[in-house]
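First residue of the sequence shown? That's 5 in the numbering used here, and the numbers climb one at a time after it.
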Amino acid sequence: MTKNTMTLLATAALMVCAPAVLAQDKAIQQKVDALMKHMTIEEKVGQLHQLSGRQMTGPGSEKFSDKLADIRLGRVGSMLNVKGVAETREIQALALQSRLKIPLLFSLDVIHGYKTVFPVPLGEAASWDLAAIEQSAYIAAKEAAASGIHWTFAPMVDIGRDPRWGRVMEGAGEDTYLGSRIAVARIKGFQGEKLGGLDRVMATAKHFAGYGAAIAGRDYNAADMSEQQLHETYLPPFKASVDAGVATFMNSFNTLNGVPATASAYLQRDLLKGQWKYPGFVVSDWASIKELVEHGYATDLAQAAGQAINAGSDMDMEGYAYSRHLAQQIKDGKVKSSVLDDAVRRVLTKKFALGLFDDPYRYSDAAREQAALNDPEHARIARDVARKSLVLLKNEGQVLPFAKGLKSLAVIGPLAEAKRDLEGGWIVQSDESRVVSLVEGIRAQLSPQTKLTVAKGCDVACVDTSGFDAAVAAAKDADAVLLVVGESWDMSGEAKSRVDLQLPGKQAALFDALAATGKPVVVVMLAGRPLVFENVADKAAAILYAWFPGAQGGNAVADVLFGDYNPSGKLPMTFPRSVGQIPISYQQYRTGRPVLSEKNIVYRSAYIDSPNTPRYAFGHGLSYTSFAYSDLVVSKPAMKQGDKVTVSFTLTNTGNRAGEEVAQLYIRDPVASVVRPLMELKGFQKTKLAAGESRKLSFQVDRNTLAFHNTRLAWVAEPGEFELMVGTAADAIRLRGKLTLQD
Ligand code: BGC
5 MTKNTMTLLA TAALMVCAPA VLAQDKAIQQ KVDALMKHMT IEEKVGQLHQ
55 LSGRQMTGPG SEKFSDKLAD IRLGRVGSML NVKGVAETRE IQALALQSRL
105 KIPLLFSLDV IHGYKTVFPV PLGEAASWDL AAIEQSAYIA AKEAAASGIH
155 WTFAPMVDIG RDPRWGRVME GAGEDTYLGS RIAVARIKGF QGEKLGGLDR
205 VMATAKHFAG YGAAIAGRDY NAADMSEQQL HETYLPPFKA SVDAGVATFM
255 NSFNTLNGVP ATASAYLQRD LLKGQWKYPG FVVSDWASIK ELVEHGYATD
305 LAQAAGQAIN AGSDMDMEGY AYSRHLAQQI KDGKVKSSVL DDAVRRVLTK
355 KFALGLFDDP YRYSDAAREQ AALNDPEHAR IARDVARKSL VLLKNEGQVL
405 PFAKGLKSLA VIGPLAEAKR DLEGGWIVQS DESRVVSLVE GIRAQLSPQT
455 KLTVAKGCDV ACVDTSGFDA AVAAAKDADA VLLVVGESWD MSGEAKSRVD
505 LQLPGKQAAL FDALAATGKP VVVVMLAGRP LVFENVADKA AAILYAWFPG
555 AQGGNAVADV LFGDYNPSGK LPMTFPRSVG QIPISYQQYR TGRPVLSEKN
605 IVYRSAYIDS PNTPRYAFGH GLSYTSFAYS DLVVSKPAMK QGDKVTVSFT
655 LTNTGNRAGE EVAQLYIRDP VASVVRPLME LKGFQKTKLA AGESRKLSFQ
705 VDRNTLAFHN TRLAWVAEPG EFELMVGTAA DAIRLRGKLT LQD
């Protein structure tokens, strides 16, 4: 920074009237303005140019040495995929050689943990435990921030109703209400109360918008939907993120109703920065500005640059559109300099808020990095979050939990001893020495007298069945049989769309071979998405869905198998019976020809070869205990628009061990100016009850609970009768009530 700039900044700093936050914001704005007065167009454009380090998370890129040269010239504002104290310090030092010495922002996909690997986000969502989810994000932030990272590209808040799309693994599932609550928990965990904490990072709400609705579940594909669907289903988690103070947004690869999201002025200018008054900045997705050309929306990279910035994309990630063409676009009058200034101001504001101008290395602290990455408490928390994420889909005859003293146990399957697969995709760096496999976790809890046999049977994607005989022999020989099957870590995630969601390879046949022994087979499934497994669902004695549970997966699964932890997870996505039912969600719309009975589907909205119902419904998940719901009371039968009504009921643990239940509130608007879904989640509570304990729980209902977007996209609650449903899953409603909204 020049001497002049420093004096200006110092003067501006003196004008700060702390401690009010507003005053601080104003002070930052003054510093930004002062700095911008000294910046050339090229230096301003530099602030909007983001480059990847040596590691690549997308296609194509410039030579690394050229990138370093650009940093020295002040032509780069941010780097992604640069991490660790040593590397971030080394690269920050180059930025400080530039004329204005503006520090770089270091960003990274810290999606489910940094060094300590937590369950994949969809798995965490299955916990329905907002405090646990927030804590997981906090630990990730703490480790990342100590390693020089300022900014994570998370949470992904895209709604996903198509499990063919591999990225459902990164989100919170199919539901808008649950997804919005989880988005807020994650943002709070990453960012804390205020930017600048040395144990926190900036969060990103991504991918804005509609990415989860890629046609046919094929990644990067177009999305096409009604305005109403967009506003009702896909946008609310983004709005909730703005309200939670998320520092940045990332736009998306897809076109939405014909316009690439990256060039959508409607999304970014009118809605986000206009109506929602969003003060943060928008980063493009990897080369998504460049891809405006491939989309057939821009003739060349220069036009793409103009389109993207005019539409509100502030930072160009690895697209080279701004770095090569933005200055010229401004000189040619295609882009107003006020548009450039607005984008630069948004970026610099965050750099000041993070304290990088005071100390560009403040996040890169070797001692803090050492301590944070080796804190044993983090593994303990990861184990706890992992066991909360496990969903017990089936438990016939209470075959689970296993007795710890059982005589012999056969653990079979391609994933029984897996380590890398437990971590899932989007991890910062795999460290198998920290991963506890299922066999290791189980062995640690079994009595020394129990005979444990391990047989792989086959590989995840195998065609070879030569290992089946040994697996069957092990099963025949054992008192209890556990089969560990599913996807390998690289089958879910970005660019991992699949058309076949059955167990890969010969795993289903391996299950059949074991089931044919007549022994009850307990199945643990690992996957980043809902799989389709009809035969296993019919014949297995028990099924525990473990997602990719992270480094502590083996311990967490063992905690549930042996009953040290009573499972409490609930599905955040519907599990279909077949791929043909996809896209699928519990939020079905009514039709004029509903199926009234599975026996009579003639001229009904049905399939002739499958029931409409899913295999496992949204919200489903069993416990080792049982819960009863009783005494629903709606505090008053009718309310006016401004009123609040309390819906209360009693939840009782009717079993003989303590357990947690996620009680869910759904509503239905039976007649409206826009046909409403059959049910919509509007509240949930996760409650722990001792055996025999009862507790009164309640939900608040107000106008917002009942409102929806009408044909003019106005947020309205229409007078009339509403149905209230309280239950343990979307297909297991236990209590029903009614409420009238008056004129
Ligand atoms: C993904 C983003 C990610 C970015 C940077 C893209 O391919 O869509 O979610 O943040 O790469 O790694």
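Even for Gly, the Cβ is constructed at its ideal location relative to N, Cα and C.
On the premise that A150 lies in contact with R777, defined as a C-beta separation below 8 Å, what is that separation, rounded to the nearest angstrom?
Within the shown structure, residues of the chain are numbered from 5 to 747, placing residue 777 beyond reach of any answer.
Between the segment 590–604 and the segment 144–160, do three or more beta carbon pairs fall short of 8 Å?
no
L84 Cβ short of 7 Å to ligand 1 heavy atom set:
yes
Please state if the CB of L426 and the CB of A475 are separated by a distance shorter than 8 Å.
Result no, Cβ atoms of A475 and L426 do not sit closer than 8 Å.
On the three-state DSSP scale, how would you describe H382?
helix
C-beta atoms of Y326 and V49 nearer than 8 Å
yes
Can you check DSSP and say which residues form a bridge with I748?
Beyond the ends of the chain as shown, which are 5 and 747, falls residue 748; an answer cannot be given.
Segments of 4+ residues assigned as alpha helix (DSSP H) that fall wholly inside the segment 538–595
538–543 and 557–565
Take the Cβ of K644 as the centre, count every other Cβ of all protein chains shown within 10 Å, and call the residue buried at 16 or more, exposed below.
The residue in question, K644, is exposed, as its Cβ has fewer than 16 Cβ neighbours within 10 Å.
Counting Cβ pairs, one atom from each stretch, are 3 or more of them under 8 Å apart for the segment 609–617 and the segment 657–666?
Too few Cβ pairs lie closer than 8 Å, so no.
Taking the C-alpha atoms as reference points, what is the distance between I137 and I45?
42 Å
Minimum C-alpha distance to A755 - residue among D673, Y628, L743 and Y215:
The displayed coordinates of the chain run from 5 to 747. Any statement about residue 755 would go beyond what the structure contains.
If I measure Cβ to Cβ from F579 and keep anything under 7 Å in the same chain, skipping five residues before and after, which residues do I get?
Taken in chain order, the residues that qualify are P534, P618, R619 and Y620.
On a CA-only basis, which of T457, A550, D473 and P452 is nearest E491? Give me that one, please.
A550
So does the segment 363–381 actually touch the segment 340–351, counting three or more Cβ pairs closer than 8 Å?
no
Where are the alpha helix (DSSP H) runs, 4 residues long or more, that stay fully inside the segment 115–145, in chain order?
125–129
Reduced DSSP secondary structure (H/G/I, E/B, other) of F472:
helix
Return yes when the Cβ of N261 is within less than 8 Å of the Cβ of Q272, no when it is not.
no
Near A546, what residues of its chain come up, given a Cβ to Cβ distance below 6 Å and the 5 sequence neighbours on each side ignored?
Excluding positions up to five away in sequence, the list reads K398, N399, V403, L404 and V526.
Is the beta carbon of R350 sitting closer than 8 Å to the one on G359?
no
Leaving out the 5 sequence neighbours to the left and right, which residues in its chain are closer than 7 Å to S268 when beta-carbon positions are compared?
L260 and A315
Shorter than 7 Å, the distance from the beta carbon of D289 to the closest heavy atom of ligand 1, or not?
yes
What residues in its chain sit with their C-beta under 7 Å from that of A478, if we drop five residues either side in the sequence?
A414, I416, T457 and A459
Could you pull out every unbroken beta strand (DSSP E) segment of at least 3 residues lying fully inside the segment 474–525, listed in chain order?
484–490
Look at A209 and P283 and say whether their C-beta atoms are less than 8 Å apart.
no
I'd like the list of long-range same chain contacts for G310, defined as Cβ closer than 6 Å, with 5 residues on each side in sequence excluded.
Q333, K338 and V339
Contacting residues, own chain, Cβ-Cβ under 7 Å from M43 (five flanking each side not counted):
L104
Anyone know if the C-beta pair for T744 and P641 falls short of 8 Å?
Yes, these two residues count as a Cβ contact at 8 Å.
Taking the Cβ atom as the reference point for each residue, do K355 and L109 lie within a distance shorter than 8 Å?
yes
Assess, as a yes-or-no matter, whether the segment 66–76 is touched by the segment 113–123 under the definition of 3 or more beta carbon pairs within less than 8 Å.
no
I'd like the list of long-range same chain contacts for A733, defined as Cβ closer than 6 Å, with 5 residues on each side in sequence excluded.
A621, G623 and H624
If you draw a straight line from the C-alpha of V250 to the C-alpha of V114, how long is it?
Whole-angstrom Cα-Cα distance: 15 Å.
Residue burial classification, P452 (beta-carbon count within 10 angstroms, cutoff 16):
exposed
By the three-class DSSP mapping on this structure, what secondary structure does R738 have?
strand
Give a yes or no on contact between the segment 217–228 and the segment 176–193, applying the rule of three or more CB pairs nearer than 8 Å.
no
Distance between L202 and A27 (C-alpha atoms, nearest Å):
22 Å
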